[in-house]
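Chemist: Have a look at this one.
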Amino acid sequence: MLNLHVENKQIFVGDVRIVGVASSSVFLIGDTEVISLSSMFDTPAESVIISPFVPLPSEG
10 MLNLHVENKQ
20 IFVGDVRIVG
30 VASSSVFLIG
40 DTEVISLSSM
50 FDTPAESVII
60 SPFVPLPSEG
């Protein structure tokens with residue numbers, strides 16, 4: 010179990026630029042009491058790779 014202590018203070022966010030996401034990502038600004046996670050595939054089943062490794066593009 011994860012125990013997290015948070016001290017709420019003022020926050021101002023001007024601009025956010027996201028250049029990429031990981032295979033599992035959460036982006037949050039502000040307060041929340043509950044984060045519910047879900048998973049969905051938007052690709053055909055034959056192109057899904059089930060593996061503990063994420064394929065990386067070849068360098069070159």
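Terminal number for the sequence shown in our numbering: 69, no gaps in between.
Ideal Cβ placement from N, Cα and C applies to all residues, glycine included.
Under a three-way DSSP split, which group does S56 fall into?
Modeler: Along the sequence shown, read from residue 1 onward, the residue named residue 56 stands at position 47. Reduced to three states, the DSSP call for S56 is helix.
Chemist: Is any heavy atom in the ligand NAP found nearer than 7 Å to the beta carbon of V30?
Modeler: Only the bare structure without any ligand can be found here, which leaves the ligand NAP out of the picture.
Chemist: Going by the CB atoms, is the gap between N12 and D40 shorter than 8 Å?
Modeler: Looking up residue 40 in the sequence shown gives position 31. Looking up residue 12 in the sequence shown gives position 3. No; because the gap between Cβ atoms is not below 8 Å, this pair is not in contact.
Chemist: Among residues of its own chain, excluding the 5 on either side of L65, which ones have a beta-carbon nearer than 6 Å to its beta-carbon?
Modeler: Walking along the sequence shown from the start, residue 65 turns up at place 56. Excluding positions up to five away in sequence, the list is empty.
Chemist: In chain order, what residues of the same chain lie with their CB nearer than 7 Å to the CB of I59, ignoring the 5 residues before and after it?
Modeler: Looking up residue 59 in the sequence shown gives position 50. For I59, where only same-chain residues beyond five positions count, there are no Cβ hits under 7 Å.
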